[in-house]
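In our numbering, the protein residues as written are 453 to 1026.
Where a beta carbon is used, it is the ideal one built from N, C-alpha and C, also for glycine.
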């Protein structure tokens, strides 16, 4: 028999048994689930409604709140009649309650209501007992049927386990041994499989291959040399510098553009260790230094090189060349390629963008400040009385002006970061001053949402090495974000904790939190969580990270989606 029919017959039988077992299991589980669900949705709800009505009676049915509670649960009970006799009892309950409503002092009706509620509870409790017995019996039946089907599936699988692997595995093992012989250049190896299965066809094809390999053994050298020439021509015509090294870091090739920007000649470097070339060439030393450091080599490092009569920028990437030798399973490093990508046009555009943002932001601050001064003159009433409608418009204009002023301030900070001109002045700073400034700046915003700011500071807190102004800006921004993303009447917590050599500022909220897939992007410039309706530029956290790291500190985030977020700023102690 062919291999395919064997597999189809064996696996098909096993698949049929598994499908049968799955179907039976689903039917049995569904039956148990229905029995359980009937208890929960019908009888348990009736018990809960009866309990609530009794509680309303015991808490004085004449009270308006208790009366509403009784009426609500009476209406729900009327819609949840499921057991024999329960409809009549519910009707009696409605009739007696109507008597109470007409004559609140009717003690007989009150007693009847309690008795009827008790009867309703007894009807449903007996139903729960009856349905529980049915569920237990269904469970026993399901266990028996599933066990029977499982035993049958096990027997079929065991038979296949004893027969199928040998029928397929033994010929494959013989084929593997023969392939190893061929790999060792023993081209006299042959396979001999009996029968009419696919393995017989494979043996014939294998034997034909072994015969032809001997013919091709010595005919490939010319082709390899031709391919080597093609690759060298391709590399030399690339517009980006490329340097190739072997596993011993000896130079295999340098294309023409790489020779041009390094000022070297091919005969000076070919076959020489790159460290020997780096001794006499600063650029090669800069490019190859990562090869001799015990760390992961990452792409994206930008180097500045004087090329084409101007300062040019190149992104350096070191690409390790690894192969898995024939017959082996572990990768082996056979060399590295140093690739430089010319990004000068993009850098020039980035510089132009930064200058444009800085200029526009600076120019916007003057008219915005003028708008705020005009608003103050209108608000103080010296130019005339402002009515309520006009005051609302002025408040709206004031909010927009403050938002524009904040955006322009963040844009100016971004231009400082991008241009590398951040002015950091670090000295021993009292953390309490920073916290007081940040909490006072956010006090009004917190009061508007009825949010409580909880500050936890240990006694005798040490000073930190920080830029007072910029650190206060960061903490203020973190608290502002926490208030913005928190619910009303919640708590925003600022904790200060001490550890050896470090002081940690933690700002925590109990808002929606950050989805796990976006945690690694919150400090990226202009990033905003998709779908958020809160206003912002996406710059605050990016600027905060730059400021804190410029002070020698760190900033990190922890978040549980749906439960809240915590930002942690760590600074060095003085």
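- prompt: Can you give the Cα-Cα distance for residue 936 and residue 558, rounded to whole angstroms?
  reply: As the crow flies, the alpha-carbon of residue 936 is around 56 Å from that of residue 558.
query: So what does DSSP say about residue 698, is it helix, strand or coil?
result: strand
message: If you follow the alpha helix (DSSP H) that residue 520 is in, where does it begin and where does it stop?
response: Counted as a single uninterrupted DSSP element, the alpha helix (DSSP H) harbouring residue 520 occupies residues 516-530.
query: What are the boundary residues of the beta strand (DSSP E) that residue 956 is part of?
result: Its beta strand (DSSP E) spans residues 954-960.
Range of the contiguous beta strand (DSSP E) that encloses residue 793: Per DSSP, residue 793 belongs to the beta strand (DSSP E) from 784-794.
- prompt: Does DSSP classify residue 544 as helix, strand or coil?
  reply: Helix, per DSSP.
task: Look up residue 468 in the DSSP assignment and say whether it is helix, strand or coil.
output: DSSP places residue 468 in helix when its eight states are reduced to three.
- request: Pick out whichever of 837, 950, 1009 and 836 has its Cα sitting closest to the Cα of residue 966.
  value: 1009
Same chain, Cβ closer than 6 Å to residue 569, five either side skipped, listed in chain order: 502, 505 and 506
- prompt: Near residue 751, what residues of its chain come up, given a Cβ to Cβ distance below 6 Å and the 5 sequence neighbours on each side ignored?
  reply: Since pLDDT at residue 751 reaches only 49, below the 50 mark, its modelled position is unreliable, and the value read off the structure follows with that caveat. If we look at residue 751 and ignore the five residues flanking it on each side, its Cβ neighbours are 769.
- request: Spatial neighbours of residue 579 within its chain, please: CB distance less than 7 Å, with the 5 preceding and 5 following residues excluded, ordered by chain position.
  value: 495 and 535
- request: Return yes when the Cβ of residue 630 is within less than 8 Å of the Cβ of residue 658, no when it is not.
  value: Taking 8 Å as the Cβ cut-off, residue 658 and residue 630 qualify as a contacting pair.
task: Following the continuous beta strand (DSSP E) through residue 727, name the residue where it begins and the one where it ends.
output: Taken as a continuous stretch (DSSP letters only), residue 727 belongs to no beta strand (DSSP E), being part of the alpha helix (DSSP H) at 726-731.
task: Would you mind listing the alpha helix (DSSP H) stretches within the region 860-946 that are 4+ residues and don't spill past its ends, in chain order?
output: 883-900 and 920-936
message: Here's the rule: buried if 16 or more other CB atoms are within 10 angstroms of the residue's CB, otherwise exposed. What is residue 539?
response: exposed
message: Counting C-beta neighbours from all protein chains within 10 Å, is the total for residue 545 16 or more, i.e. buried, or is it exposed?
response: Under this definition residue 545 is a buried residue.
message: So, at 6 Å on beta carbons, what are the nonlocal neighbours of residue 954 in its own chain, with the 5 sequence-adjacent residues on each side left out?
response: 1022
- request: State the start and end residues of the unbroken alpha helix (DSSP H) segment that holds residue 969.
  value: That residue, residue 969, is in no alpha helix (DSSP H); it is neither H nor E in DSSP.
field: Backbone CA spacing between residue 796 and residue 727 [nearest angstrom]
entry: 28 Å
- prompt: How long is the line joining the alpha carbons of residue 526 and residue 575, rounded to whole angstroms?
  reply: Rounded to whole angstroms, residue 526 to residue 575 spans 16 Å at the Cα level.
query: Do the region 594-614 and the region 548-566 touch if we need at least three Cβ pairs shorter than 8 Å?
result: no
field: 8 Å CB neighbourhood of residue 461 in its chain, flanking five on each side removed
entry: none
field: C-beta atoms of residue 916 and residue 1024 nearer than 8 Å
entry: The criterion of a C-beta distance shorter than 8 Å is satisfied by residue 916 and residue 1024.
message: With a threshold of 8 Å, are at least 3 pairs of Cβ atoms found where one atom belongs to the region 785-796 and the other to the region 684-695?
response: yes
query: Near residue 1016, what residues of its chain come up, given a Cβ to Cβ distance below 7 Å and the 5 sequence neighbours on each side ignored?
result: 960, 961, 962, 963 and 965
task: Can you say whether residue 1004 is buried or exposed, counting buried as having 16 or more other CB atoms within 10 angstroms of its CB?
output: exposed
task: Reducing DSSP to helix, strand and coil, say where residue 690 ends up.
output: coil
- prompt: What's the C-alpha gap between residue 749 and residue 714?
  reply: Below a pLDDT of 50, predicted positions are generally treated as unreliable, and residue 749, at 48, falls in that range; the measurement from the model is reported next regardless. Those two C-alpha atoms are separated by around 22 Å.
task: Leaving out five residues on either side along the sequence, give the residues of the same chain with a beta carbon under 7 Å from the beta carbon of residue 465.
output: 608
Alpha-carbon spacing of residue 893 relative to residue 928, whole angstroms: 7 Å
field: Boundaries of the alpha helix (DSSP H) in which residue 720 is found, first to last residue
entry: Start and end: 718-721.
query: Run through DSSP, which three-state label would residue 596 get?
result: helix
message: Let's see if you can read the secondary structure: which residues bound the alpha helix (DSSP H) around residue 996?
response: 992-1002
task: Return helix, strand or coil for residue 1016, following the three-state DSSP convention.
output: strand
query: In terms of residues, what are the limits of the alpha helix (DSSP H) holding residue 704?
result: Run containing residue 704: none in the alpha helix (DSSP H); it sits in the beta strand (DSSP E), 703-706.
message: Let's test the definition: count the other Cβ atoms within 10 Å of the Cβ of residue 899 and tell me whether it reaches 16, buried, or not, exposed.
response: Counting Cβ neighbours within 10 Å, residue 899 comes out exposed, since fewer than 16 surround it.
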